[in-house]
Amino acid sequence: MSKKKSRNLFIGVCVAPALILLILFMVIPTIEVFRMSLYQWGGFSNNQQFVGFNNFKLLWNDMDFIRSFQNSILLIVIVAIFTFVIAVFFAAILSKEKIRGSNFFRVIFYIPNILSIVVIAGIFSAIYDPSNGLLNSIFHLLSLETLQQKWLGNQTIVIYSVAGALVWQAIGYYMVMYMSSMASIPASYYEAASLEGASKMKQFTGITLPLIWNNIRTTLTFFIISTINLSFLLVKAMTGGGPDGSSEVFLFYMYDQAYTNSTYGYGMAIGVVVFIFSFALAAIVNFITKRDVLEY
Amino acid sequence: MKKSNGSQTDTLYKLFIYIALITLAISIIVPVAWVFFASIKQNAEFYGNPWSIPLGFHVENFIEAFQEANMGNYLFNSAVVTVLALAILLIVALPAAYVLSRFSFRGSKMINSFVKVGLFINISYIAVPIFLMLLDWDTVIRTILGEELLLNNRFMLALIYASTALPFTIYLLSSYFQTLPSDFEEAASIDGAGYFKTMFSVMLPMAGPSIIIVILFNFLLFWNEYILALTLMPGENQTLPVGLLNLMAAERAAANYGPMYAGMVIVMLPTLILYIILQKRLTQGMTVGGLKG
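Listed below in structure tokens is the structure:
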């Protein structure tokens, strides 16, 4: 066997299994999402009928979909802002200040990230329980009964309760990401700045933020993609979209229509809209936040 | 000695920092620890003050979770699926990552960008199409063999887990293989080793640390995953998170809380133990991969 031939054989044997699996279980299903969105399929008949963009027209007037859209956007904005501020704050503290037990805090803060979403749903069901939940009982101990709420039973509050759980889950992950990029900023910058008499806040906005800007931009994309995904998983496990559909989010509604309701075509049309929306939003955010990269 | 104004604000600043750190730490430790305490409480204890210390070690919760709620079966299924998926993933991803990062051939650029695009495909979107695809194949199989094979099948779930983890894993391993100097391969080639021998005996052993990170990340991913498991296992062989969902629904309806929290402990204990042992590698590895599902 020639050298060339054995090289090609080697390459083929190594790459082919991965390619086949990727095509079979990633590419084809993704194409199927787009294809099925153009068909009326499911419900009581098993016939696929091509209906063009009719599913998308129906979506336009579907108030449940509009509500899940609003909920998702609200969640993306709240979760991104709170997670970002808290994570950057703690990352700056843990990487720049001499903290006793800093390793302990880093280890603890990351714990929510390793828990299953189902477990997190269980934990927050216990926290939010109206009669003897942890949150309401703390308010009771502090004699702040007016603040007690049906956190998961009140239609206007439930989406913020979901946001709280998502932020709790995400802080540690993003903190570690920011810490790793802050660690590569040379300490001499801060020394020079403090000799010049720059305050800690000034050092943070003048040195830290600009130098980790690229990392921040990457995480903004993550916020969008992972909030859309995790809010679905959490809502499915914790509230089931309730009460009365008021905590439904994008992908929850998609899954509900496609799997629970068996209207596959319609569900996939929702998937296509969410897919395009998340990419467009990520692209817009990426474009707006573009700055010249500072070299150091 | 006179204290200057500056050091006083410094002390206040330090105080503020520690209060913030401790507040966040408490908000994470307390709920998790609370679940552990709740898992050993008797049912009557759930109607009083939620902050009360458990009266005793009510081990019956765990027995009930394992026996009546089938958590033992779910645990076994989860272990089988996770181990199988990790094995398939490593067998498929390691050679692919090695070749894609160190060989250039016709189409190698295209395949590399193909893998990167895969990073953006999310399981939540494609769970239902995968279900329909397996359903279709099952109908064909049933006409031939007379039984359905692919749904409710642990191996199939493991195979699909491995497939969905491929883009991230190949990406992470490739970025490691790229950093290795080509001297090793040249030396192996001079010694007369073929491509396969070079890969198995020279290159793969060097990837040890990366492989551990890959295993750790994907263990958490597979162990905790529930939406694919829920969709593709509508009948039997359900995994632990899905079992926990069932348990939570059932026990809440029956107002029987102890076994529910016992179930939560069963799900999170393995990941917590693993994390405590290997936490340094995990947070380090994250900065290499820097991606999340």
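Chains as they are written, first to last, in my numbering: chain W, 77 to 372; chain F, 993 to 1285.
All C-beta atoms, glycine included, are put in the ideal place defined by N, C-alpha and C.
From a predicted model like this one, the values you see are computed outputs, not experimental measurements.
Length of the line joining the Cα atoms of residue i and residue j
i, j, result
"Pro-262(W)", "Leu-1013(F)", "25 angstroms"
"Val-1132(F)", "Thr-336(W)", "24 angstroms"
"Leu-228(W)", "Asn-189(W)", "22 angstroms"
"Met-31(W)", "Ile-1113(F)", "Given a span of 77 to 372 for chain W in the structure shown, any question on residue 31(W) remains unanswerable."
"Arg-1098(F)", "Ser-1105(F)", "13 angstroms"
"Leu-1224(F)", "Phe-308(W)", "17 angstroms"
"Val-1051(F)", "Ser-1167(F)", "47 angstroms"
"Gly-1285(F)", "Phe-86(W)", "Here the model assigns Gly-1285(F) a pLDDT of 36, short of 50, so the residue's position is not dependable, and the following value carries that caveat. Approximately 32 angstroms between the Cα atoms of the pair."
"Ile-184(W)", "Ile-1020(F)", "7 angstroms"
"Phe-141(W)", "Leu-135(W)", "7 angstroms"
"Thr-1001(F)", "Leu-170(W)", "19 angstroms"
"Ile-1009(F)", "Ile-196(W)", "27 angstroms"
"Ala-1234(F)", "Arg-293(W)", "The sequence given here has Val at residue 1234(F), not Ala. Computed Cα separation, rounded: 35 angstroms."
"Pro-1173(F)", "Ala-1179(F)", "11 angstroms"
"Met-1125(F)", "Pro-105(W)", "8 angstroms"
"Leu-1129(F)", "Asn-1216(F)", "According to the sequence displayed, residue 1129(F) carries Trp and not Leu. Trp-1129(F) and Asn-1216(F): Cα-Cα distance of roughly 27 angstroms."
Per-residue burial, residue i [other beta carbons within 10 Å of its own, 16 or more giving buried]
i, result
"Ala-359(W)", "exposed"
"Thr-159(W)", "buried"
"Arg-182(W)", "buried"
"Tyr-1005(F)", "exposed"
"Val-164(W)", "buried"
"Gln-225(W)", "buried"
"Gly-198(W)", "buried"
"Trp-244(W)", "buried"
"Ser-1070(F)", "buried"
"Glu-272(W)", "exposed"
"Val-1022(F)", "exposed"
"Gly-1197(F)", "Per the sequence presented here, residue 1197(F) reads as Pro, with Gly not at that position. Exposed."
"Leu-191(W)", "buried"
"Lys-177(W)", "One point to set straight first is that residue 177(W) is Gly, not Lys, in the sequence displayed. It counts as exposed."
"Thr-1190(F)", "buried"
"Val-252(W)", "buried"
"Trp-117(W)", "buried"
"Pro-1226(F)", "exposed"
"Asp-332(W)", "buried"
Contact with chain W by residue i, beta-carbon distance below 8 angstroms
i, result
"Phe-1160(F)", "no"
"Ala-1017(F)", "yes"
"Val-1072(F)", "no"
"Ile-1009(F)", "yes"
"Phe-1000(F)", "The sequence shown places Gln at residue 1000(F), not Phe. Not an interface residue."
"Ser-1202(F)", "no"
"Gly-1282(F)", "Confidence at Gly-1282(F) is low in this model, with a pLDDT of 43, below 50, so its placement is unreliable and the value that follows should be read with caution. True, the Cβ-Cβ gap to chain W drops below 8 angstroms."
"Gly-1110(F)", "yes"
"Ile-1269(F)", "no"
"Val-1206(F)", "no"
Any C-beta of chain F under 8 angstroms from that of residue i
i, result
"Gly-317(W)", "no"
"Tyr-236(W)", "no"
"Leu-287(W)", "no"
"Phe-166(W)", "yes"
"Leu-327(W)", "yes"
"Phe-363(W)", "no"
Interface partners of residue i on chain F, CB under 8 angstroms
i, result
"Gly-209(W)", "Pro-1042"
Beta-carbon neighbours of residue i, restricted to chain W and to distances below 7 angstroms
i, result
"Ala-1088(F)", "Cys-90, Val-91 and Ala-94"
"Phe-1188(F)", "Phe-86"
"Pro-1233(F)", "Ser-192 and Val-194"
Beta-carbon proximity list for residue i, same chain, < 8 angstroms, skipping 5 on both sides
i, result
"Ala-375(W)", "Missing from the structure shown is residue 375(W); chain W here goes from 77 to 372 and no further."
"Leu-1220(F)", "Ile-1115, Ala-1119, Ile-1122, Leu-1149, Ile-1152, Tyr-1153 and Thr-1156"
"Val-1084(F)", "Ala-1154 and Leu-1158"
Listed by chain order, chain F residues near residue i by CB distance under 7 angstroms
i, result
"Pro-105(W)", "Ile-1118, Pro-1121, Ile-1122 and Met-1125"
"Leu-357(W)", "Under the 7 angstroms cutoff, chain F gives no residues; its nearest Cβ is about 13 angstroms from Leu-357(W)."
"Pro-188(W)", "Ile-1020"
Cross-chain neighbours of residue i in chain W, by beta carbon under 8 angstroms
i, result
"Leu-1092(F)", "Val-91"
"Ser-1155(F)", "Leu-97, Leu-98, Leu-100, Phe-101 and Met-102"
"Thr-1263(F)", "Ile-190, Leu-191 and Ser-192"
Close Cβ partners of residue i (< 6 angstroms) along its chain, the five nearest in sequence each way excluded
i, result
"Met-1240(F)", "Met-1252"
"Leu-1236(F)", "Gly-1255 and Val-1259"
"Phe-1214(F)", "Thr-1074, Ala-1077 and Tyr-1153"
"Pro-1046(F)", "Phe-1029, Ile-1032 and Lys-1033"
"Asn-147(W)", "Ile-235 and Val-325"
"Ile-154(W)", "Ala-239"
Residues near residue i in its chain [Cβ-Cβ closer than 7 angstroms; skip 5 each side]
i, result
"Asn-1248(F)", "Asn-1035"
"Val-109(W)", "Met-344, Gly-347 and Val-348"
"Ser-115(W)", "What sits at residue 115(W) in the sequence shown is Tyr, not Ser. Closer than 7 angstroms at Cβ, skipping near neighbours: Gln-124, Gln-125, Phe-126, Val-127 and Gly-341."
"Gly-204(W)", "The question names Gly, yet the displayed sequence has Tyr at residue 204(W). Excluding sequence neighbours, Tyr-204(W) sits near Leu-211, Trp-227, Leu-228 and Ser-237."
Minimum Cβ-Cβ distance from residue i to chain A less than 8 angstroms
i, result
"Leu-191(W)", "No chain A is present in this structure, whose protein chains are W and F."
Closer than 9 angstroms at the beta carbon, the chain W residues around residue i
i, result
"Met-1198(F)", "Ordered by position in chain W, no residue passes the 9 angstroms Cβ test against Met-1198(F), which lies about 17 angstroms from the chain."
Contacts that residue i makes with chain F (C-beta to C-beta distance below 9 angstroms)
i, result
"Glu-267(W)", "Near Glu-267(W) there are no residues of chain F at all, since even the closest Cβ is about 17 angstroms away, more than 9 angstroms."
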